[in-house]
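Undergrad:
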Amino acid sequence: MGSVAGAVFKMLLLLSTQNWNRVEAGNSYDCDEPLVSALPQASFSSSSELSSSHGPGFARLNRRDGAGGWSPLVSNKYQWLQIDLGERMEVTSVATQGGYGSSNWVTSYLLMFSDSGRNWKQYRQEDSIWGFSGNANADSVVYYRLQPSVKARFLRFIPLEWNPKGRIGLRIEVFGCAYRSVVIDLDGRSFLLYRFDQNSLSPIRDIISLKFKTMESDGILLHRAGPVGDHITLELRRGKLFLLINSGEARLTSSSTPINLTLGSLLDDQHWHSVLIQRLGKQVNFTVDEHRRHFHAQGEFNDLDLDDEISFGGISAPAKSVSLPYRYFHGCLENLFYNGVDIIGLAKQHSPQIITMGNTSFSCSQPQSMPLTFLSTRSYLVLPESSKEEAISVSFQFRTWNKAGLLLFSELQLVSGGLLLLLSDGKLKVNLHQPGKSPSDITAGAGLDDGQWHSVLVSAKRNHLSVAVDDHTSPASPWLGPEQVNSGGIFYFGGCPDKGFGSKCKSPLGGFQGCMRLISINDKMVDLIAVQQGSLGNFSDLQIDSCGISDRCLPNSCEHGGECSQSWSTFHCNCTNTGYTGATCHSSVYEQSCEAYKHQGNASGFYYIDSDGSGPLRPFLLYCNMSETAWTVIQHNGSDLMRVRNTHSENVHTGVFEYVASMEQLQASINRAEHCQQELVYYCKKSRLVNQQDGSPRSWWVGRTNEAQTYWGGSFPVPQKCTCGLEGNCIDAQYHCNCDADRNEWTNDTGFLSYKEHLPVTKIVITDTGRPHSEAAYKLGPLLCRGDRPFWNAASFNTEASYLHFPTFRGELSADVSFFFKTTALSGVFLENLGITDFIRVELRSPTAVTFSFDVGNGPFELSVHSPTHFNDNQWHHVRVERNMKEASLQVDELPPKIQAAPTDGHVLLQLNSQLFVGGTATRQRGFLGCIRSLQLNGMTLDLEERATVTPGVQPGCRGHCGSYGKLCRHGGKCREKPSGFFCDCSSSAYAGPFCSKEISAYFGSGSSVIYNFQENYSLSKNSSLHAASFHGDMKLSREIIKFSFRTTRAPSLLLYMSSFYKEYLSVIIAKNGSLQIRYKLNKYHEPDVVSFDFKSMADGQLHHVKINREEGMVFVEIDENTRRQTYLSSGTEFSAVKSLVLGRMLEYSDIDQETALAAAHGHVTESSCVAPAGTDATSRERTHSFADHSGTMDDREPLTHAIKSDSAVIGGLIAVVIFILLCVSAIAVRIYQQKRLYKRNEAKRSENVDSAEAVLKSEIHIQNAVGENQKEYFF
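Counted from 1, the sequence shown has number 494 at position 495 by numbering that gives the first Met the number 0; the numbering is strictly sequential.
#1: Looking only at C-alpha atoms, which of F153, W69, Q40 and G67 sits nearest to E89?
#2: How about T653 and D767: do their beta carbons lie closer than 8 Å?
#3: By how many angstroms is the C-alpha of T286 removed from the C-alpha of G313?
#4: Alpha helix (DSSP H) containing M662: first to last residue?
#5: When you compare the CB positions of F311 and F190, do they come within less than 8 Å of one another, or not?
#6: Suppose contacts are defined by Cβ-Cβ distances below 8 Å. Is L380 in contact with G493 by that definition?
#7: For D731, I'd like the list of residues in its chain whose CB is within less than 7 Å of its CB, leaving aside the five on either flank, ordered along the chain.
#8: Looking only at its own chain, which residues have a Cβ that is under 6 Å from the Cβ of K212, when we skip the five neighbours before and after it?
#9: Pairing CB atoms from the stretch 460-472 with CB atoms from the stretch 340-359, are three or more of them under 8 Å?
#10: List in chain order: all unbroken alpha helix (DSSP H) runs of 4+ residues lying wholly within the stretch 86-125.
#11: What do you reckon, are the CB atoms on S454 and Q396 nearer than 8 Å?
#12: Excluding the 5 residues preceding and the 5 following D64 in the sequence, name in chain order all residues of the same chain whose CB lies nearer than 6 Å to its CB.
#13: Answer with buried or exposed for L803, where buried requires no fewer than 16 other C-beta atoms within 10 angstroms of its C-beta.
#14: Rounded to whole angstroms, how far is the Cβ of Y1079 from the Cβ of L1065, which I believe are closer than 8 Å?
#15: Quick one: give me the first and last residue of the beta strand (DSSP E) that P789 is part of.
#16: Do three or more CB pairs link the stretch 170-186 to the stretch 87-101 at distances below 8 Å?
#17: Give the single residue among V643, E663 and C985 whose Cα lies nearest to the Cα of R770.
#18: What span of residues does the beta strand (DSSP E) with A151 cover, start to end?
#19: Would you say G694 touches the ligand MG, meaning its beta carbon is less than 7 Å from a heavy atom?
#20: Quick check on this structure: which residue in V632, L419, N873 and T948 has the alpha carbon closest to the alpha carbon of T442?
#21: Let me check understanding here. Comparing Cα to Cα, which of K428, H635 and T836 lies closest to E678?
#22: Considering only residues of the same chain and omitting the five flanking positions on each side of G992, which have a CB-CB separation below 6 Å?
#23: Compute the Euclidean distance between the alpha carbons of S587 and Y122, then round it to the nearest angstrom.
#24: What are the complete alpha helix (DSSP H) segments, minimum 4 residues, inside the stretch 898-981?
#25: If you count every other CB in all the chains shown that lies within 10 Å of the CB of H757, and 16 or more means buried, which is it?
#26: Name, in chain order, the residues that DSSP records as bridge partners for E1039.
#27: Report the option in W161, G168 and Y143 whose CA atom is closest to the CA atom of S1287.
#28: Determine which residues share a DSSP beta bridge with M356 and list them.
#29: Spell out a yes or no on whether the stretch 1034-1047 and the stretch 1102-1111 are touching, meaning 3 or more CB-CB pairs, one atom from each, closer than 8 Å.
#30: Just to confirm the assignment, what range does the alpha helix (DSSP H) spanning Q1125 have?
#31: What is the DSSP secondary structure of H877, reduced to helix, strand or coil?
#32: Quick test of the definition: if touching needs 3 or more C-beta pairs under 8 Å, does the stretch 706-717 touch the stretch 790-801?
#33: Counting beta carbon pairs with one atom in the stretch 1045-1060 and one in the stretch 1139-1158, are three or more of them shorter than 8 Å?
#34: Per DSSP, which one or two residues make a beta bridge with R1049?
#35: Is V949 buried or exposed, if buried means 16 or more other CB atoms sit within 10 Å of its CB?
#36: Please name the residue in L405, A467, G581 and L553 whose C-alpha comes closest to that of Q512.
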């Protein structure tokens, strides 16, 4: 929906909500009038009174009549003060006061309300808060604003706690205004049908508001259907409301799916519930009481095809509705408005637009049942049997969330034992317990812990026992014995009294927590009013005339798709397969970037990434390439080369790229990265990127901003520019891109796109391949991102008075804080945020303790993690804090976490209003000295560096990472600092990789060698010079760079030997005296040139680094990066017909000088604890590999890899102690030059045939890849 439509929708919702609130408030804006002061004495009642001067009529606020307030005869939690307002009123606030001039006051209380004086409901401040805090003395007044307000006639105040040095004393006032309403009572067989002028209503807009109350769990509240299957239905199912909106298009197209929204729970409690439905096109708002859901429909939902009638309470024409079973609504509707029309008002006026079906009345009938609430497992109700009967019959209804508990126990006469009715694992079990006999069980029902009302009937007659659950009777079970059994006369419901009362009651599974109603013994309904007044039976910890059940999974406090389950007192979250953990599935189990995985010491591989941590985005799988920098590799579905022909402005080619992550996930990953890039390979032949006449693009690509981009790989975001245009080297200087030259030959505009705001590429559009011989081809690489800016975002706090401040932290229901710190200070506050009374604080309490303190209204709590070692060791330490509705936790590094469970039915909202202080407090005391890094609140990173640049006493960044992460560098690798992080320098190690853990060396035993053939050794005739020239004349090297490292204790030794077919060679040896010699012989008729290093013995067992760089006749040699020598060769300037490279022992000694021959005879021998197995023939260790195989690229051969794998006797699996690194630049370049020349000779023939263009393109790409080889190092 566009912005204009969205704004209109918001305005309509606002207006409709205001109108709805006006109806609820009785069109009154000023709703704070005192309602109690003018009431007559008869409007006040109570459970008891201490004396006539302490009666309920004296409970008016600020009055001194009588004894100055109400006080009951006995101060306990079963006392109450009740107010009858005369009619339903809207109550917006309450006020309390103690007894005048006394020590009697209430410190906490419950507020209950009712329409009839029966079936009371408790008012809740928050979803889990039942009680109000009261007074601290007798005369001060404590006010509470009720949000939401209460619409009721009767109010009841129930004291929970009072002054321990006095007794209950109370004076009250309530404030509000008159509440006007129009109601209708539907008996379950009746409904209203409203018919209207179709033209007077908008087909895309509906606003429906109503209130309802019922004791039934199922029923249709409203239904409007159309001729082709479109319909809107609001239905009550199992105490929940379901809003169903279906378009007929949903059956025909996959893009249109019906709307099915669910809200509310336990709505069959015979109390009023409000509903608001707002629909504007595809936007739907659904509100039930204080809970709201918003939905944006897909497909064709703008214009529903509906009939010009709507029914309330039932369905007028079932054939037009969805084929679902339904029940008529049985209950009351109030203030029912459909698009501003008062439906009940029209019905009362007998409007012809309203058709009333069945029996209805315009007053709301009141329920006759009286529920009980068993508040704890210690609750019980004891009832006597009214008369002795030969049969036992007990029936009742119950509802609960608990899986187990005692429902009923009855002693038996004539036989010693008892009858137990248990709830076990959500099933009902009837157990006959007789000493000395095995128990007899009957099991009935299942899933009875679902919060719904369930009916139970247990009957025993003569020697048979039966049970019925929800009118399903289980087969009768015979008693174990012929005795006729009568009741012992006492029934225990919900639990058993303490043993001190002499009861034989047994409760093996504990007491029952839940509600009961309609209790009947031997077909006689129990008078619970008499029980409440103490004239019948006995009870403990009961709430009479109220069902206090609540749905703790509404709203669902389990985050990220966690499944919520509950018991009577708490809820549980199942986080399986969500990727999150914790009590509410709040914290991600995955890291936020490849950089974070790398700094845990992980190698390259596939990892799940959660870019926003505990935020709403889900984790996704990607590849992490761990090099000096961690690269994130995100793939898509278009990695193959795509060729495009026959396109024009009316027939465009559109390539769409779908990634393994959503656009929101990709954006979060890109935003975290330091740099991102994506290679777009674009080839063209007679296919232009720009229309030169008007400058309009002929081809373009689209990024995540959904805007067409006309710059191409390697260019900055300058429209219609390519790399060659910026560098000034396009094949036609008058154009900014190679493709715009419009040549009948393949060219390309290829490069990396690196402007993060435009990445990733989501689409490419090509329009100019419709002319003869015109073609284009493209290939999009994966999205590559490196680094993690938030991970290294840090600030250094230099004074105790310095701090950074940020906006107030918003984490009312769930809050997590994580960061790294390092310090040498003894203590200091990491962060603090205050409210009026609430607060959070994380601090270094001592060198060995980190503490998390907080208060959400239940009093301050404190968690501390203590360490056996000091935290102020100037090393990075990781802190993670979490607080949610169930618990608070603190973890530091890998130490065991500390967890504090939240109090049951306590405050849960963390309400803060000050700024968030980082590194200090608002009082500038106990400030932190040191570094804080990667500070995240609920997955969002705070930019410490940006704020530190403008804050005195705080500096951006923090160096010294090697102190904490240097241990990741292995095998002698050195940790080197970077501005953001570190890297491992492996140059002095025989290993490579991000942590110097990848072995790149080989061990050469005595007589071992590896030979690399640059060209095949052809058998030549006697007239060999001619043949040699024809086969090898092009292979001439005028320069080479050779790098390697070695370690040995043997002299003489041959380290490296490179030969040619013309008896020219290069040898690197350790002479007999331990000196290192580089011997060049570039002319077979000359003696070799020798560069000797004899300043020390190189056979000393230490690792030495050698670098040789020859440019024609000049040779530069560097030893161990500190000894350098330059010399000029007299023997020649070129290697002719390079033949092979030998590492280790040589097998042929002809045509080499004496020193080289002496070293070659011994080979290269390394002292090592790993030696070749005994009996291995030295000659069998020779391995020969060729660079002249034309079947593939250089990468296909991997000579050393195969050599090591195939020589398990000598090289494979040995300790890596030697590195040989050779960069064969010139030799490879010669071969590439030959391939290029061959391509140029044949290109004219290839271009004549359009069908062979793919072969040309593949050859071009192959050659381009081959050119890339000259930038690679080969590791031997």
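Here a beta-carbon is modelled for each residue, glycine too, at the ideal position from N, C-alpha and C.
Note that the structure is a prediction, hence the values are computed from the model and not measured.
TA: So, from the data block:
#1: F153
#2: Contact check for T653 against D767 fails: the beta carbons are separated by 8 Å or more.
#3: 21 Å
#4: M662 to R671
#5: yes
#6: yes
#7: The residues are A740.
#8: Q269, H270, W271, G330 and C331
#9: no
#10: none
#11: Taking 8 Å as the cut-off, the beta carbon of S454 is found closer than this to the beta carbon of Q396.
#12: Within the same chain, D64 has close Cβ partners F57.
#13: buried
#14: 5 Å
#15: First-last for P789: R788 to W791, but that is the alpha helix (DSSP H), not the beta strand (DSSP E).
#16: Touching, per the Cβ criterion.
#17: V643
#18: V141 to W161
#19: This structure lacks the ligand MG; in fact it carries no ligand of any kind.
#20: L419
#21: H635
#22: none
#23: Taking the straight line from one Cα to the other gives about 36 Å.
#24: 943-947 and 961-964
#25: buried
#26: In DSSP, E1039 forms a bridge with R1109.
#27: Past the edges of the chain, shown from 0 to 1275, lies residue 1287, and the structure says nothing about it.
#28: F190
#29: yes
#30: That residue, Q1125, is in no alpha helix (DSSP H); its beta strand (DSSP E) goes T1122 to Y1127.
#31: H877: strand per DSSP, three-state reduction.
#32: no
#33: yes
#34: In the DSSP assignment, R1049 is bridged to no other residue.
#35: exposed
#36: L405
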